[in-house]
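Just so we're aligned: 116 in full-length UniProt numbering is position 116 of the sequence shown, and the numbers increase by one with no gaps anywhere.
Each residue gets a CB set at the ideal place from its N, CA and C atoms; glycine is no exception.
None of these values were measured; they are calculated from a predicted model.
First up is the structure itself, then whatever we jot down about it.
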Amino acid sequence: MKLFKGANGEVLELIYPADEAVEVVVNGQPAAELKAGSTDAATEKHVPAVKAVDGKLEVQVGEIAHPMLDNHYITNIWVEYPDGTVEKKTLKPGEAPNAEFDITDVNGKVTVYEYCNLHGLWKKEIEL
Ligand SMILES: [Fe+2]
Numbered sequence: 001m002k003l004f005k006g007a008n009g010e011v012l013e014l015i016y017p018a019d020e021a022v023e024v025v026v027n028g029q030p031a032a033e034l035k036a037g038s039t040d041a042a043t044e045k046h047v048p049a050v051k052a053v054d055g056k057l058e059v060q061v062g063e064i065a066h067p068m069l070d071n072h073y074i075t076n077i078w079v080e081y082p083d084g085t086v087e088k089k090t091l092k093p094g095e096a097p098n099a100e101f102d103i104t105d106v107n108g109k110v111t112v113y114e115y116c117n118l119h120g121l122w123k124k125e126i127e128l
């Protein structure tokens with residue numbers, strides 16, 4: 001999965017990206033590929049805290065729960081599985097910055113991404 005940000009703040013998902021670089025254009029303007037952890041912000045509130053418990057992947061953003069205010073919140077949590085499939089939870093201000101995903105029969109590298117509307121993309125990898 002790759003994520004891009006358009007000139008007007010749109011966030012776009014690209015599932016099953018090609019190996020070579022792609023150019024994403026929104027309304028005639030190039031969108032920038034988001035790079036996890038590239039913003040100067042508190043890692044303990046942004047890097048997803050991930051735990052595998054009884055066939056469930058429990059995710060909290062982050063080790064210290066991220067604020068979920070109207071003007072500063074986690075918009076989405078994505079899980080990318082070893083076969084390239086992706087699941088997502090969309091969040092709203094006021095909700096807990098948490099998600100739970102079914103990982104029954106999942107083996108291999110799983111990447112959890114989250115997007116903060118002010119501090120961008122962050123990720124955590126876990127081997128199942
Ligand atoms: Fe943030």
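| field | Start and end residues, beta strand (DSSP E) containing Tyr-113 | value | If you number the sequence shown from 1, residue 113 lands on position 113. Here the beta strand (DSSP E) through Tyr-113 covers 109 to 116.
| message | So, at 6 angstroms on beta carbons, what are the nonlocal neighbours of Val-61 in its own chain, with the 5 sequence-adjacent residues on each side left out? | response | Walking along the sequence shown from the start, residue 61 turns up at place 61. Pro-48, Ile-74, Pro-97 and Glu-114, listed in sequence order.
| Continuous beta strand (DSSP E) stretch holding Pro-93: start and end | The residue you call residue 93 lines up with position 93 of the sequence shown. Where Pro-93 is concerned, there is no enclosing beta strand (DSSP E), given that its DSSP letter is neither H nor E.
| Strand pairing of Lys-5, partner residues [DSSP] | Translated into positions along the sequence shown, residue 5 becomes position 5. Bridge partners of Lys-5: Val-11 and Ala-32.
| field | Validate contact between the stretch 101 to 117 and the stretch 75 to 84 using beta carbons, cut 8 angstroms, 3 pairs | value | yes
| field | Identity of the residues DSSP links to Leu-69 by a beta bridge | value | Taking the first residue of the sequence shown as 1, we reach residue 69 at position 69. Within the DSSP secondary-structure output, Leu-69 pairs in a beta bridge with His-72.
| request: Use the C-beta contact count for Lys-51: other C-beta atoms within 10 angstroms, 16 or more gives buried, fewer gives exposed. | output: For this step, residue 51 is matched to residue 51 along the sequence shown. The residue in question, Lys-51, is exposed, as its Cβ has fewer than 16 Cβ neighbours within 10 Å.
| query | Among the residues of its own chain, which have a CB less than 7 angstroms from the CB of Thr-39, if the five just before and after it don't count? | reply | Here residue 39 refers to the residue found at position 39 when the sequence shown is read from its first residue. Closer than 7 angstroms at the Cβ level, and outside the excluded window around Thr-39, lie His-119 and Gly-120.
| request: Enumerate in chain order the residues of its own chain whose CB-to-CB distance from Thr-90 is below 6 angstroms, with the five nearest sequence positions on each side excluded. | output: Start at 1 with the first residue of the sequence shown, and residue 90 comes out as number 90. Counting only Cβ-Cβ distances below 6 angstroms, and skipping sequence neighbours, we find Asn-76.
| query | Is the beta carbon of Leu-118 within less than 7 angstroms of some heavy atom of ligand 1? | reply | Position 118 of the sequence shown holds residue 118. Answer for Leu-118: yes, Cβ within range of ligand 1.
| said: Are there any heavy atoms of ligand 1 lying less than 7 angstroms away from the beta-carbon of Lys-89, as far as the coordinates show? | reply: As a working mapping, residue 89 is identified with position 89 in the sequence shown. For ligand 1, not one heavy atom lies less than 7 angstroms from the Cβ of Lys-89.
| Euclidean distance between Cα positions of Asp-102 and Glu-44 | Mapped onto the sequence shown, residue 102 falls at position 102. Mapped onto the sequence shown, residue 44 falls at position 44. C-alpha separation (whole angstroms): 25 angstroms.
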